[in-house]
Amino acid sequence: MATMKQVAERAGVSTSTVSHVINNTRAVSEDVRQRVLAVIDEMRYIPSAVARSLKNDKTHTIGVSVPDNTDPAIAELLRGIEDAAFAAGYTIMLCNGYDDPQRQAAHLRGLIERRIDGLVLVAGSARDELAPLLAGQRVPVVLADHDVAADLDLIGLDHEATGYAATRHLLELGHKRIACLAGPARHPATRERLAGCRRALDEAGLGLDPACVAHVAPDCQGGHEGARRLLALDRAPTALFACSDLMALGALRAAQEAGLRVPEDLSVVGACGLEMAAFSTPRLSTVTQPIYQMGHALTALLLQRIRGEQPPRRRERLRGQLVVRDSSARPPVRRLLAAAS
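Here our numbering is used: the first residue of the sequence shown is 1, the next is one more, and so on.
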């Protein structure tokens, strides 16, 4: 592997001149700059990122801490973050907590110790564990979706509006007995989407029957298990609102196993807008979320903070959009009468 000294000797300049060309820290003639760059390319010299960070006090690395990168929504968020970071000449260092708050806290300490230039934090349910680690930190931090500290920037999704929009859609179709497939109660997004569902039902004068809420794992298996329980109720629902598309896909399987046709016998609405939702059978009605755009916006804001710019503190919730496909329809009269009895 070539060294800076070898590059300098081949280009006929000093090592300090090579350093200035690489780091753009002092003006050199265009002829010298092009000669050095040509030798760097010829010798395939790769500058030491560690040495450059010590000299410039910048690593051009953004830390990203997430609770579970196997979640398709998190994967979409990471795509937005990485695309924006790459375009700006930054790399990302990802740490996954595997839905373990203690593990995520340990990773967060490690990220900060590694001289990252900034941090995107998806706290999930680990607020209590992560908040003390952020107090007094000089590293710029932006929060993705989940609030941890009021003095930090936050760009997230309007989960309450999502739950409300999905439930209003089912109410407008004529459903009276609506159940909710909710994720774990400790997850902030679950609580907010459930609150939106409850608000829509309260406005319709129906209320949300506690028996019609199933807190399950936010994946296909959890949705399958929760839907089986809800469909076995004496007064079974005519519609299910699932707090994630994965749970909704599991519910479609449970309905099929119960001998119910979707949407003829049972309506199902999800709440993410995952690509796979458009390819299920039937195609899933859902509330799409601007997750990729959120990742892009988070990185753009963080880069402003890293550069020392001082835009106003940003606290913003992005709204999703209802997309009606094939899994939601008016309830059959016989089930509507049974649900009302």
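Here a beta-carbon is modelled for each residue, glycine too, at the ideal position from N, C-alpha and C.
Reduced DSSP secondary structure (H/G/I, E/B, other) of Q104: Position 104 of the sequence shown holds residue 104. Q104: helix per DSSP, three-state reduction.
Span separating the alpha-carbon of T25 from that of V122: Here residue 25 is taken as the residue at index 25 of the sequence shown, counted from 1. Here residue 122 is taken as the residue at index 122 of the sequence shown, counted from 1. Distance between the alpha carbons of T25 and V122 is about 35 Å.
Distance CB(S285)-CB(R325) smaller than 8 Å: As a working mapping, residue 285 is identified with position 285 in the sequence shown. As a working mapping, residue 325 is identified with position 325 in the sequence shown. Contact: yes.
S327 vs P237 beta-carbon contact at 8 Å: Here the question's residue 327 lines up with position 327 in the sequence shown. Here the question's residue 237 lines up with position 237 in the sequence shown. Going by C-beta atoms, S327 is not nearer than 8 Å to P237.
Cut-off 8 Å between Cβ atoms - residues of its own chain near L54, not counting five sequence neighbours on either side: The sequence position of residue 54 within the sequence shown is 54, counting from 1. Residue confidence for L54 is low, a pLDDT of 46 falling below 50, so the modelled location carries little weight; the figure read from the coordinates is stated next. Once the five neighbours on either side are set aside, L54 has no close Cβ partner at all.
Nonlocal neighbours in the same chain, by C-beta distance under 8 Å from M276, ignoring five residues either side: Position 276 of the sequence shown holds residue 276. Apart from sequence neighbours up to five positions away, the residues of its chain that approach M276 with a beta-carbon distance below 8 Å are P72, D245, L249, ordered along the chain.
Residue closest to G342, alpha-carbon to alpha-carbon, out of A242, P132, R235: It is not possible to answer for residue 342, since the shown part of the chain is limited to 1 through 341.
Opening and closing residue of the alpha helix (DSSP H) in which D153 lies: Mapped onto the sequence shown, residue 153 falls at position 153. Counting along the chain, D153 sits inside no alpha helix (DSSP H); it lies in the beta strand (DSSP E) bounded by residues 153–157.
Residue environment, K89, which counts as buried when at least 16 other CB atoms sit within 10 Å: Taking the sequence shown and counting its residues from 1, the one referred to as residue 89 is at position 89. Reading off the sequence, residue 89 comes out as Gly, not Lys. Of the other Cβ atoms in all chains shown, fewer than 16 fall within 10 Å of the Cβ of G89; this residue is therefore exposed.
Nearest residue (CA-CA) to D219, options G196, C272, A255: The residue you call residue 219 lines up with position 219 of the sequence shown. Taking D219 as reference, the option from G196, C272, A255 with the minimal CA-CA separation is C272.
Short Cβ contact (8 Å threshold) for Q293 with G12: The residue given as residue 293 occupies position 293 in the sequence shown. The residue given as residue 12 occupies position 12 in the sequence shown. No, the pair does not count as a contact, with Cβ atoms beyond the cut-off.
C-alpha distance - L133 paired with E113, whole-angstrom precision: The count along the sequence shown starts at 1 and reaches residue 133 at position 133. The count along the sequence shown starts at 1 and reaches residue 113 at position 113. Their Cα atoms are separated by approximately 12 Å.
Alpha-carbon to alpha-carbon, I116 and R10: Counting from one through the sequence shown, the residue named residue 10 turns up at place 10. Counting from one through the sequence shown, the residue named residue 116 turns up at place 116. For R10 and I116, the distance between alpha carbons rounds to 34 Å.
Beta-carbon proximity check, G308 vs V287, cutoff 8 Å: Walking along the sequence shown from the start, residue 308 turns up at place 308. Walking along the sequence shown from the start, residue 287 turns up at place 287. Not a contact, by the Cβ cut-off of 8 Å.
CA-to-CA distance, V39 to A217, given in whole angstroms: Residue mapping note: residue 217 aligns to position 217 of the sequence shown, counting from 1. Residue mapping note: residue 39 aligns to position 39 of the sequence shown, counting from 1. Rounded to the nearest angstrom, the two C-alpha atoms are 56 Å apart.
Which of helix, strand or coil DSSP assigns to V148: On the sequence shown, residue 148 is found 148 positions in, with the first residue counted as 1. Three-state DSSP puts V148 in coil, outside helix and strand.
Straight-line Cα distance separating T17 from V323: For the purposes of this step, residue 323 is taken as the residue at position 323 of the sequence shown. For the purposes of this step, residue 17 is taken as the residue at position 17 of the sequence shown. Roughly 58 Å between the two C-alpha positions.
Whole-angstrom distance between A27 and G163, CA atom to CA atom: Taking the first residue of the sequence shown as position 1, residue 163 is located at position 163. Taking the first residue of the sequence shown as position 1, residue 27 is located at position 27. A direct Cα-to-Cα measurement between G163 and A27 gives close to 57 Å.
Cβ-based neighbour list, F190, same chain, cut-off 7 Å, excluding 5 preceding and 5 following: Counting from 1 along the sequence shown, the entry for residue 190 is found at position 190. Looking at the sequence itself, residue 190 is Thr, so the reference to Phe does not match. Around T190: A182, G183, P184, C243.
Nonlocal neighbours in the same chain, by C-beta distance under 6 Å from A85, ignoring five residues either side: Against the sequence shown, residue 85 aligns to sequence position 85. For A85, where only same-chain residues beyond five positions count, the Cβ hits under 6 Å are I62, I92, T299.
DSSP three-state assignment for A84, whether helix, strand or coil: Residue mapping note: residue 84 aligns to position 84 of the sequence shown, counting from 1. The answer is helix: DSSP assigns A84 an H, G or I state.
Where the beta strand (DSSP E) containing G226 begins and where it ends: Locating residue 226 in the sequence shown gives position 226, counting from the first residue. Per DSSP, G226 belongs to no beta strand (DSSP E); it is in the alpha helix (DSSP H), 220–231.
Burial state of Q221, where buried means 16 or more other Cβ atoms lie within 10 Å: Translated into positions along the sequence shown, residue 221 becomes position 221. Exposed: under 16 other Cβ atoms inside 10 Å.
Inter-stretch contact (C-beta, 8 Å, three-pair minimum) for the region 194–212 and the region 171–179: Output reads yes: the region 171–179 touches the region 194–212.
Alpha-carbon spacing of H107 relative to P311, whole angstroms: Start at 1 with the first residue of the sequence shown, and residue 107 comes out as number 107. Start at 1 with the first residue of the sequence shown, and residue 311 comes out as number 311. One C-alpha to the other measures close to 29 Å.
S244, DSSP secondary structure in three states: Your numbering for residue 244 matches position 244 in the sequence shown. Coil at S244, not helix or strand.
S29 classed as buried or exposed, judged by whether at least 16 other C-beta atoms fall within 10 angstroms: Within the sequence shown, numbered from 1, the residue matching residue 29 stands at position 29. The residue is exposed, with fewer than 16 neighbouring Cβ atoms inside 10 Å.
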